[in-house]
Ligand code: FES
């Protein structure tokens with residue numbers, strides 16, 4: 033059907049044909065896109081939300097390491113730190129985040145990461161020598177964590193520790209290996 037223009041009642045210079053069906057189809061299309069965006073937008077945000085979640089809750093937060101009485105001795109105590117692990121769709125309760133050596137220095141508790149700054153092996157304590165030791169490439173660390181011998185480029189990494197007199201908590205962090213200075217991984 034051709035719609036005659038007002039200034040051309042005979043339709044001799046007819047405008048491009050426009051049908052009622054075409055108008056309805058176009059309007060329905062626009063409305064459909066709007067409705068789809070309204071409904072699917074929040075769904076897409078909801079589905080994507082878990083992907084932005086940290087892999088492990090607790091890493092970066094203070095994690096309880098044990099009662100204060102556990103660290104009353106004069107030897108370093110190794111503690112394992114646990115937190116919930118959360119991936120895109122699952123939560124696994126209380127997985128091991130890392131470990132730390134806790135010891136008193138000048139009457140104050142400190143925490144040192146067990147991860148060797150050389151290539152990331154585990155650091156043990158040698159009670160006979162009152163030193164820390166990484167067996168992978170034979171790095172020795174003094175009781176305060178300073179590197180003494182071996183290829184480790186820096187001393188053991190210090191971790192933040194909270195001691196409220198009842199409970200000791202540690203903020204677990206990972207640091208870049210192979211660097212002279214302690215840099216967050
Ligand atoms: S990883 Fe510890 S000395 Fe190499």
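In my numbering, the protein residues as written are 33 to 217.
Even for Gly, the Cβ is constructed at its ideal location relative to N, Cα and C.
{"Item": "Hey, is residue 96 close to the ligand FES, as in C-beta under 7 Å from one of its heavy atoms?", "Value": "no"}
{"Item": "Near residue 189, what residues of its chain come up, given a Cβ to Cβ distance below 6 Å and the 5 sequence neighbours on each side ignored?", "Value": "145, 207 and 214"}
{"Item": "Could you name the residues of the same chain whose beta carbon sits closer than 8 Å to that of residue 197, not counting the 5 residues immediately before and after it, in chain order?", "Value": "100"}
{"Item": "Enumerate in chain order the residues of its own chain whose CB-to-CB distance from residue 165 is below 8 Å, with the five nearest sequence positions on each side excluded.", "Value": "155, 156, 157, 158, 171, 172 and 173"}
{"Item": "Reducing DSSP to helix, strand and coil, say where residue 151 ends up.", "Value": "coil"}
{"Item": "Does DSSP classify residue 101 as helix, strand or coil?", "Value": "helix"}
{"Item": "When you compare each of 185, 202, 118 and 203 to residue 212 by their alpha carbons, which one comes out closest?", "Value": "185"}
{"Item": "Here's the rule I'm using: 16 or more other beta-carbon atoms within 10 Å means buried, otherwise exposed. How should residue 130 be labelled?", "Value": "buried"}
{"Item": "Is residue 131 near the ligand FES, with its Cβ less than 7 Å from a heavy atom?", "Value": "no"}
{"Item": "Taking only the alpha-carbon atoms, compute the straight-line gap between residue 152 and residue 114 and give it to the nearest angstrom.", "Value": "19 Å"}
{"Item": "CA-CA distance, residue 116 and residue 183?", "Value": "34 Å"}
{"Item": "Under 5 Å from any heavy atom of the ligand FES, by CB: list those residues in chain order, please.", "Value": "148, 150, 151, 153, 166, 168, 169 and 171"}
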